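>
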Amino acid sequence: MSTTAQSPPGASAPWWRRLYDFLWEIWGIIRRPSTVFSLGTLVLAGFVAGVVFWGGFNTAMELTNREVFCTGCHEMRDNVFEDLKRTVHYSNRSGVRATCPDCHVPHEWTDKIARKMQASKEVWGHLFGHIDTREKFVDRRLELALHEWARMKANDSLECRNCHTAQSMDLSKQGPRSAEAHERYLFTGQKTCIDCHKGIAHSLPDMRGVPGWQ
Amino acid sequence: MMSRIIRMLLAALAAGAIASTALLAETFSGLRGPVPLDQIAPAPRMTPLDNSTEKRVRNYPDQPPIIPHTTEGYEIDLNSNKCLSCHARSRTGESRAPMVSITHFMDRDGQFLATISPRRYFCEQCHVPQHVVNAPVPNTFMDIDTVLERSVPEKRR
Numbered sequence: 006m007s008t009t010a011q012s013p014p015g016a017s018a019p020w021w022r023r024l025y026d027f028l029w030e031i032w033g034i035i036r037r038p039s040t041v042f043s044l045g046t047l048v049l050a051g052f053v054a055g056v057v058f059w060g061g062f063n064t065a066m067e068l069t070n071r072e073v074f075c076t077g078c079h080e081m082r083d084n085v086f087e088d089l090k091r092t093v094h095y096s097n098r099s100g101v102r103a104t105c106p107d108c109h110v111p112h113e114w115t116d117k118i119a120r121k122m123q124a125s126k127e128v129w130g131h132l133f134g135h136i137d138t139r140e141k142f143v144d145r146r147l148e149l150a151l152h153e154w155a156r157m158k159a160n161d162s163l164e165c166r167n168c169h170t171a172q173s174m175d176l177s178k179q180g181p182r183s184a185e186a187h188e189r190y191l192f193t194g195q196k197t198c199i200d201c202h203k204g205i206a207h208s209l210p211d212m213r214g215v216p217g218w219q
Numbered sequence: 000m001m002s003r004i005i006r007m008l009l010a011a012l013a014a015g016a017i018a019s020t021a022l023l024a025e026t027f028s029g030l031r032g033p034v035p036l037d038q039i040a041p042a043p044r045m046t047p048l049d050n051s052t053e054k055r056v057r058n059y060p061d062q063p064p065i066i067p068h069t070t071e072g073y074e075i076d077l078n079s080n081k082c083l084s085c086h087a088r089s090r091t092g093e094s095r096a097p098m099v100s101i102t103h104f105m106d107r108d109g110q111f112l113a114t115i116s117p118r119r120y121f122c123e124q125c126h127v128p129q130h131v132v133n134a135p136v137p138n139t140f141m142d143i144d145t146v147l148e149r150s151v152p153e154k155r156r
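Quick look at the structure:
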C-alpha cells in the first residue's frame, strides 16, 4: 500500500487536490499566532483595512444610488424618467426635486441593502431584455407598478414620508380638498400616501381593476 | 391730361404707403398691450388656477359646470381617468365630490350604460378649470332671471 499513501505535492495530483492543499495551508497560517507582526500592528492594520473596505463598499453602493446610474439603462431613461420630467417631483416652484432613489430605495441602511439585493432581479431583467422595447415595457407596466404600490403600502409609504411628514403638514396652506382629505384619511391612519397618490411621478398603467379607479 | 391723373394717382399711392407704415409703427393699447403692431408682445405671466373648490352658479341651465379646483397633472387617457377617481358614482362616498351627471351615462340613443359613456369620457372637453384673471373684455351677459326681471319689473313671474 505504499504506492497510494501520499502523492508527492505538486507532482501529478488532480487540481482539486492541489486547491485543497493550498487552502489547508492558508488555514494553518490563519489559526497560528503571528510570529512576525506585533499585536498592535495587526489591530491597527485591521482597523484601517476595515475603514477602507467599509467606506469603499458604501461608496460603491451609493454610486448605484444616483439618477445618473438609474438612467444609464435605456429602459429607465426612455420610459419612466421621461414620465418623471413632466411632474412636480422634477420641476416645481421652489426647485427642490426628488431623484429616483429618493422614492425607490429606502434610506435606512438595512432596508437599503435588502432592496439592493432585491434589485439583482432587475439586473437579470436588464441582461435578458425583459422590457427592452417600449411595447414590452407597456405590457408589463401594470405588473411593475403593482410591485411598487405593494412595497409602499407595506412600509406605510416610507419613502414619501422621508420628505412629507404628517407632523409638518400645514393644512391651512393646502387647498381645501387636500386639507379635508388629509384630515379624514391620513391623520386618522385609515390610508397611507400611496393609496390615493398613484401616478404622481409616472404615467399610469391600465387602471381597470385597481381599487379606487375606473 | 391722362399723365397728370396717373401722376396724381401714383402720388396718392405713395402717400398711402407712407401713412400705413407710420400706422404700423404706431402703438395700440388694446388686448395686446402697448406694443407696435409689427412686433411681438411679450407673453403675459401665467396666473394660478382657481383652487377655491367653491361651487359656482351656472349662467344658464345646461352650462357645463366649471371645475373649481386645479387639475394640473391629471391624466385622462386610455389607461386611467383621474377625474373619475373622485367623481365616479362609486367613489363619491369617500371623496365627497359631486357625482358625474346621470346624463353622462347615456349613449347617444338615450340608452343608459353601466358607466360613463365613452363620448363623455374626456371631461375637459366641456368642464374647464378657471384661471384667476381680470377679464380683458367687459362681459355684458345677463342670465335669464335678470332679463325677465328687467323686461317685466312689476309682474310676478
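Line order of the protein sequences matches chains A and B. Under our numbering, the first residue of the first sequence is numbered 6, with each subsequent residue one higher. Under our numbering, the first residue of the second sequence is numbered 0, with each subsequent residue one higher. Cβ coordinates follow ideal geometry from the N, Cα and C atoms, glycine included. These numbers come from a predicted model, not from an experiment.
Tell me which residues share the same chain as Cys75 (chain A) and place their Cβ nearer than 6 Å to its Cβ, disregarding the 5 neighbours each side in the sequence.
These residues qualify, in order along the chain: Met81, Cys105.
> Say whether chain B places a C-beta atom closer than 8 Å to the C-beta of Pro210 (chain A).
Output row for Pro210 (chain A): interface = yes.
> Within the same chain, show all residues whose beta-carbon is closer than 6 Å to that of Ala150 (chain A), passing over the 5 residues directly before and after it, in chain order.
Within the same chain, Ala150 (chain A) has close Cβ partners Pro210.
> For Leu48 (chain B) versus His126 (chain B), is the C-beta spacing smaller than 8 Å?
No, Cβ-Cβ distance for Leu48 (chain B) and His126 (chain B) is not below 8 Å.
> Which residues of chain A have a Cβ atom closer than 9 Å to the Cβ of His130 (chain B), listed in chain order?
Per Cβ cutoff of 9 Å: no residues; His130 (chain B) is ~15 Å from chain A at best.
> For Leu44 (chain A), is the classification buried or exposed, using 16 other Cβ atoms within 10 angstroms of its Cβ as the cut-off for buried?
So Leu44 (chain A) counts as exposed.
> Since Pro35 (chain B) is in the beta strand (DSSP E), which residue starts that stretch and which ends it?
Where Pro35 (chain B) is concerned, the enclosing beta strand (DSSP E) stretches over 32 to 35.
> Mind checking which residues open and close the alpha helix (DSSP H) that includes Leu83 (chain B)?
Segment 83 to 86, the alpha helix (DSSP H) holding Leu83 (chain B).
> Using the Cα positions of Ala115 (chain B) and Asp37 (chain B), report the straight-line distance between them to the nearest angstrom.
According to the sequence provided, residue 115 (chain B) is Ile. The question's Ala does not apply to it. Rounded to the nearest angstrom, the two C-alpha atoms are 49 Å apart.
> How should Arg6 (chain B) be labelled, buried or exposed, when 16 other C-beta atoms within 10 angstroms of its C-beta is the threshold for buried?
When all chains shown are included, Arg6 (chain B) counts as exposed.
> Checking the sheet assignment: what are the DSSP bridge partners for Leu48 (chain B)?
Paired residues: B:His130.
> Does Thr70 (chain B) have its Cβ less than 8 Å from a Cβ in chain A?
No, no contact with chain A.
> Could you tell me whether the Cβ atoms of His131 (chain A) and Cys165 (chain A) are closer together than 8 Å?
It is not a contact, given that the beta carbons lie outside the stated cut-off.
> DSSP has Asn80 (chain B) in a bridge; who is on the other side?
Paired residues: B:Ile75.
> Can you round the beta-carbon distance between Thr91 (chain B) and Pro128 (chain B) to whole angstroms, since I take them to be within the 8 Å contact cut?
Not really, about 20 Å apart at Cβ, beyond 8 Å.
> Excluding the five sequence neighbours on either side, which residues of its own chain have a C-beta within less than 7 Å of the C-beta of Lys117 (chain A), listed in chain order?
Contacts found: Val110, Pro111.
> Where do the N-terminal and C-terminal ends of the alpha helix (DSSP H) with Gln123 (chain A) fall, by residue?
Unbroken alpha helix (DSSP H) run through Gln123 (chain A): 114 to 123.
> Around the Cβ of Asp146 (chain A), are there at least 16 other Cβ atoms within 10 angstroms (buried) or fewer (exposed)?
The sequence shown places Arg at residue 146 (chain A), not Asp. Per the 10 Å Cβ criterion, buried.
> DSSP has Phe111 (chain B) in a bridge; who is on the other side?
B:Met105.
> Among the residues of its own chain, which have a CB less than 7 Å from the CB of Tyr95 (chain A), if the five just before and after it don't count?
Cβ within range, chain order: Leu89, Arg102.
> I want to know whether the segment 123 to 139 of chain A touches the segment 185 to 200 of chain A - three or more CB-CB distances under 8 Å.
Short answer: they don't touch.
> Can you tell which of A:Gly100, A:Leu191, A:Trp154 has the C-alpha that lies nearest to the C-alpha of Gln172 (chain A)?
That would be A:Leu191, whose Cα lies nearest to the Cα of Gln172 (chain A).
> Let me confirm a value: Glu148 (chain B) is counted as buried when at least 16 other C-beta atoms fall within 10 Å, else exposed. Which label applies?
It is exposed - the Cβ of Glu148 (chain B) has fewer than 16 other Cβ atoms within 10 Å.
> Which residue or residues does DSSP assign as beta-bridge partners of Ile66 (chain B)?
Bridge partners of Ile66 (chain B): B:Pro128.
> Would you say Arg98 (chain A) lies against chain B (beta-carbon separation less than 8 Å)?
Closer than 8 Å: no.
> In three-state DSSP terms, what is Ala130 (chain A)?
Residue identity differs from the one stated: residue 130 (chain A) is Gly in this sequence, not Ala. The answer is helix: DSSP assigns Gly130 (chain A) an H, G or I state.
> What first and last residue would you give for the alpha helix (DSSP H) that runs through Leu66 (chain A)?
Going by the sequence as given, residue 66 (chain A) is Met instead of Leu. Note, Met66 (chain A): alpha helix (DSSP H), 44 to 68.
> Decide if Thr8 (chain A) is buried, meaning its Cβ has at least 16 other Cβ atoms within 10 Å, or exposed.
Residue confidence is low: Thr8 (chain A) scores 48 on pLDDT, short of 50, so the model does not pin down where it sits. Its coordinate-derived value is still stated next. It is exposed - the Cβ of Thr8 (chain A) has fewer than 16 other Cβ atoms within 10 Å.
> Just to confirm the assignment, what range does the alpha helix (DSSP H) spanning Trp142 (chain A) have?
Strictly speaking, residue 142 (chain A) in this sequence is Phe, with Trp absent from that position. Residues 139 to 159.
> Along the segment 113 to 130 of chain B, where does the CB come closer than 8 Å to a CB of chain A? Name the residues.
So the list reads Thr114, Ile115, given in the order they occur along the chain.
> If Ser79 (chain B) and Trp154 (chain A) are in contact, beta carbons under 8 Å, what's the gap, nearest whole angstrom?
Their Cβ separation, rounded to whole angstroms, is 13 Å, which puts Ser79 (chain B) and Trp154 (chain A) out of contact at 8 Å.
> Could you give the residue range of the alpha helix (DSSP H) that holds Pro43 (chain B)?
Unbroken run through Pro43 (chain B): none, as it is neither H nor E.
> 8 Å is my cut-off, CB to CB: does Pro181 (chain A) come that close to chain B?
It does; some Cβ of chain B falls within 8 Å.
> The ligand MN heavy atoms versus the CB of Trp218 (chain A): any closer than 7 Å?
Judged by which ligands are present, the structure shown has none, so any question about the ligand MN falls away.
> Report the neighbours of Val93 (chain A) on chain B: residues whose CB is nearer than 9 Å to its CB, in chain order.
What Val93 (chain A) touches in chain B: Glu71, Gly72.
> Chain B beta carbons: is any one of them nearer than 8 Å to that of Trp218 (chain A)?
Answer yes: the Cβ-Cβ gap between Trp218 (chain A) and chain B drops below 8 Å somewhere.
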